[in-house]
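Asker:
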Amino acid sequence: SAVISQKPSRDICQRGTSLTIQCQVDSQVTMMFWYRQQPGQSLTLIATANQGSEATYESGFVIDKFPISRPNLTFSTLTVSNMSPEDSSIYLCSVEVFTRNTEAFFGQGTRLTVV
Amino acid sequence: KQEVTQIPAALSVPEGENLVLNCSFTDSAIYNLQWFRQDPGKGLTSLLLIQSSQREQTSGRLNASLDKSSGRSTLYIAASQPGDSATYLCAVLNNAGNMLTFGGGTRLMVKP
């Protein structure tokens, strides 16, 4: 299994500012994933972050808005830039652990409110 | 493109009832399927994982089944309790192991 620590757990931010979310894993993992969950909705993948390379963004998400860092195999950050109220969501990081099965584990989430 | 649908979207039951949550997916070429629990405003907790070659998995009062050929999975909760109140999400992992597609979730309320 994997234990993921995500910070902050929640924040209220002013529009136009940026917030960086941190994700720390207790073991080395190849890929880390960042998801957005808008109010009342399911999870949407923002990007996949591999150590030592640029993140791969899904359709509708761009690096200028959601820059991602992956400096090593246990840590990643997601920045939500130039925020607007539409960015109010829960942001979650995730990893997949390849043992006998391939199982996904999630952080506790960051509940972001933009005012 | 894989699409995952969960029915019902919301469910309210009295304590003690057995219940079934449904999940369907359009592309049967999956590596595995996971059921998660999400409490309001929180992250996801993995409940059960079923490999594509398996038919079911059990953990305590939870039993998940998988019919890969028909693109369906069910999560059975026995003797429901108020503490089971949460949103339940199913997700399928593609064969490449790099894309997890989620359903919309079932919001469960178990009344005392």
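Chains as they are written, first to last, in my numbering: chain A, 1 to 115; chain B, 116 to 227.
The beta carbon of each residue, even a glycine, is placed where N, CA and C say it ideally should be.
1. Alpha carbon to alpha carbon, how far is B:GLN196 from B:PRO155?
2. Within the chosen definition, does the stretch 196-207 of chain B reach the stretch 21-29 of chain A through at least 3 CB pairs nearer than 8 Å?
3. Pairs of beta-carbons, one from the stretch 161-174 of chain B and one from the stretch 133-151 of chain B, closer than 8 Å: are there three or more?
4. Using 8 Å as the cut-off, can you tell me whether the stretch 49-58 of chain A makes contact with the stretch 30-40 of chain A, which would need three or more C-beta pairs spanning the two stretches below that distance?
5. If you follow the beta strand (DSSP E) that A:VAL29 is in, where does it begin and where does it stop?
6. Start and end of the beta strand (DSSP E) containing A:LYS7?
7. Please tell me whether B:TYR146 has its Cβ less than 8 Å away from any Cβ of chain A.
8. If we cut at 8 Å on Cβ distances, does A:GLY60 have a partner in chain B?
9. So if I threshold CB-CB distances at 8 Å, which residues from the stretch 203-224 of chain B count as touching chain A?
10. Grouping DSSP H, G and I as helix and E and B as strand, with all else coil, what is B:ASP142?
11. By Cβ distance below 6 Å, which residues in the same chain neighbour B:GLN172 in space, the five residues on each side in sequence not counted?
12. Should A:SER89 and A:GLN38 be called a contact, given that it needs their Cβ atoms to be closer than 8 Å?
13. I'd like the list of long-range same chain contacts for A:ALA2, defined as Cβ closer than 8 Å, with 5 residues on each side in sequence excluded.
14. Could you name the residues of the same chain whose beta carbon sits closer than 6 Å to that of B:ARG187, not counting the 5 residues immediately before and after it, in chain order?
15. Considering just the uninterrupted stretch of the beta strand (DSSP E) at B:SER185, what are its terminal residues?
16. Kindly indicate if chain A contains any beta-carbon less than 8 Å away from that of B:LEU159.
17. Starting from B:GLN117, follow the beta strand (DSSP E) in both directions and report where the run begins and ends.
18. Hey, could you find the ends of the beta strand (DSSP E) B:PRO155 is sitting in?
Answerer: According to the data block:
1. Cα to Cα, B:GLN196 sits roughly 17 Å from B:PRO155.
2. no
3. yes
4. yes
5. Element bounds for A:VAL29: n/a, residue is neither H nor E.
6. 4-7
7. yes
8. no
9. LEU204, ALA206, LEU208, GLY212, ASN213, MET214, LEU215, PHE217, GLY218, GLY219, GLY220
10. coil
11. Taken in chain order, the residues that qualify are LEU163, ILE165, ALA179.
12. At the C-beta level, A:SER89 and A:GLN38 come within 8 Å of one another.
13. The answer, listed in chain order, is VAL25, ASP26, SER27, VAL29, VAL95, VAL97, PHE105.
14. SER139
15. Bounds of any beta strand (DSSP E) do not take in B:SER185, whose DSSP letter is neither H nor E.
16. yes
17. That residue, B:GLN117, is in no beta strand (DSSP E); it is neither H nor E in DSSP.
18. No beta strand (DSSP E) holds B:PRO155; DSSP gives it neither H nor E.
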